[in-house]
C-alpha cells in the first residue's frame, strides 16, 4: 500500500474520531438540558416559520405585520383615551401649555417607540426572542457573566478562543467585556436588575388591561350620566375575564380576530385627529418646535415635572414591541409601526390638542368630547373593543418573557403550549394566564378609577425603558465579538 493511501486512511480515521467526539459532546449536552417536549414537537410540523427568521418571504412578513397590529399595538394605541386627562389632572393653566405637552408627546413617541425600540432594540433579539431576558441571555453568552446555567441550545454552539483585536472600537469593547466578567457585583446586579425589569413588564401586563378597559367603558358616562362607577367597574371585570378565557386559542387566531378591529381603531383616531386639526386650530403643528417644551417648564416649574407622569402614558406598552418579537419578526413589527401605528397616534394627539385649544374646560374627557356627534356611538363601541385588545400586547409579551426566563432557569417549570404549527414563538402558558386574570380583577375592583391606576402605571414603564437602555448599552460592545466572529475566552 502506498504512502498516499496510508495517509488518506489516517486522515479519514482522524475525522471519524473527531466526529464521534463531537457527537458525544452534543449527546451529553442533550442529556443535561431539560427540553420542552411541546417545543420539540412543534418543530416537526412542515412549513413552520422560525420566529425572527430573516429569510421569511414578503407574503409571510406582511401577514405577520397584519397580525402584529392586533397583538402588539393595542396598549400604546389606546393611550389617547387618557393621556391628556392624566397630564392635565389639575386643568389647563395657559393655552400654550397644550403646545408644550403636545411637543413632549411627539418627541417621546418618536424617540422611544420609533427610534429606540423599532430601529435599535429590536436588532438585539436573541435568535428571534425579545424582552429583558433575551438581552440578558445575549450578554451572558458572549461575556460569560451568567450566574445560572443556561438551557438554551445556542449557548453550547459558541466557540471560545482569543484573537488579536483589529480596531480601537473592539479593544474598548474587550475592556468592558473583561470588567463585566471579573466583577462579581456586576454579575449579581445584572441578574437582579434583569429579574426586576421582567417583573415590571409583568406589572405592566396587570395594569394595562385595567386602565384601558376602565377608560373605554367609562366613556358611556358621557351619554348616560346616571350610570354609577360601580356598574362600570363590574362591566370592566366581566370584559377582562372573557379576554383571558380567549387566550387559549393562541396568538395566531387571536391576532387574526383582533387585527381588523385595531386597524379600524387606528383609522378612526387618525381620521378624527386630522378632522379636529383642520376644524379647530391647524396652528398646533408648530408644537414640533421643542422650544414649547422649554417654555412649558418655565411657566409651570414643579407642576410640569409632575405632569410628565401623564406624558409617559403615551408610550405604555412599548416594551411589548420587543417582548412580542418572538411571536412575529423584526421586519413585520417595523412595517406595522412605521406604516400604521405611528402616523395614527401622531394624528390623534395633534387633533386632540387642536380641540383643547378651543375647549380648555373639557380636558377631563378630551377623547370622547372631541368625537363628532354622528360618530360617537360607533367610536364608543370600537374604543371598548380596542381597550380589550390593548391587554393582548402585554399578555402575549408576558408569555414570551416567561418562556425566556424558563430557558435561563429563573422561573418554576410550567406548561408551555405551542399554539401555532406554523410560527415557532407563539406560546400560551395556562398558569400565568389565570394568575394575570386574577390580578387584573383584583386591581380593577380595588382601584376602581383610571386616575388611581394611572398614578402607579407609569413607574413600571419608566423602569422597563431605562433598564432596556442599560442592557443595550452593555449588550452592544460585548456582542460585537459575535458580529465580527471574535468571541474571547
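Residue numbers (the numbering used here): 72 to 560. For each residue, glycine too, the CB sits at the ideal point set by N, CA and C.
Helix, strand or coil at residue i [DSSP, three-state]
| i | result |
| --- | --- |
| residue 153 | coil |
| residue 351 | helix |
| residue 144 | coil |
| residue 161 | coil |
| residue 513 | helix |
| residue 250 | helix |
| residue 128 | coil |
| residue 258 | helix |
| residue 299 | coil |
| residue 481 | coil |
| residue 184 | helix |
| residue 264 | helix |
| residue 361 | coil |
| residue 373 | helix |
| residue 399 | coil |
Neighbour-count burial assignment, residue i, 16 or more Cβ in a 10 Å radius
| i | result |
| --- | --- |
| residue 511 | buried |
| residue 337 | buried |
| residue 460 | buried |
| residue 34 | For residue 34 there is no data in the structure shown, the boundaries of the chain being 72 and 560. |
| residue 360 | exposed |
| residue 103 | Residue placement at residue 103 cannot be trusted, given a pLDDT of 36 that sits under 50; what the coordinates show is reported in the next sentence. Residue 103 should be labelled exposed. |
| residue 344 | buried |
| residue 194 | exposed |
| residue 395 | buried |
| residue 69 | What the structure shows of the chain is the stretch from 72 to 560, and residue 69 is not part of that stretch, so it cannot be assessed. |
| residue 437 | buried |
| residue 256 | exposed |
| residue 377 | exposed |
| residue 412 | buried |
| residue 341 | buried |
| residue 294 | exposed |
Check whether residue i and residue j have beta carbons under 8 Å apart
| i | j | result |
| --- | --- | --- |
| residue 462 | residue 280 | yes |
| residue 150 | residue 389 | no |
| residue 468 | residue 274 | no |
| residue 407 | residue 136 | yes |
| residue 263 | residue 351 | no |
| residue 525 | residue 186 | no |
| residue 167 | residue 363 | yes |
| residue 422 | residue 507 | no |
| residue 332 | residue 456 | yes |
| residue 514 | residue 278 | yes |
| residue 154 | residue 339 | no |
| residue 424 | residue 355 | yes |
| residue 519 | residue 304 | yes |
| residue 399 | residue 139 | yes |
| residue 404 | residue 192 | no |
| residue 141 | residue 330 | yes |
| residue 358 | residue 177 | yes |
Sheet register partners of residue i (DSSP bridge)
| i | result |
| --- | --- |
| residue 498 | 489 |
Sequence ranges, beta strand (DSSP E) only - wholly within the stretch 423-468, length at least 3 | none
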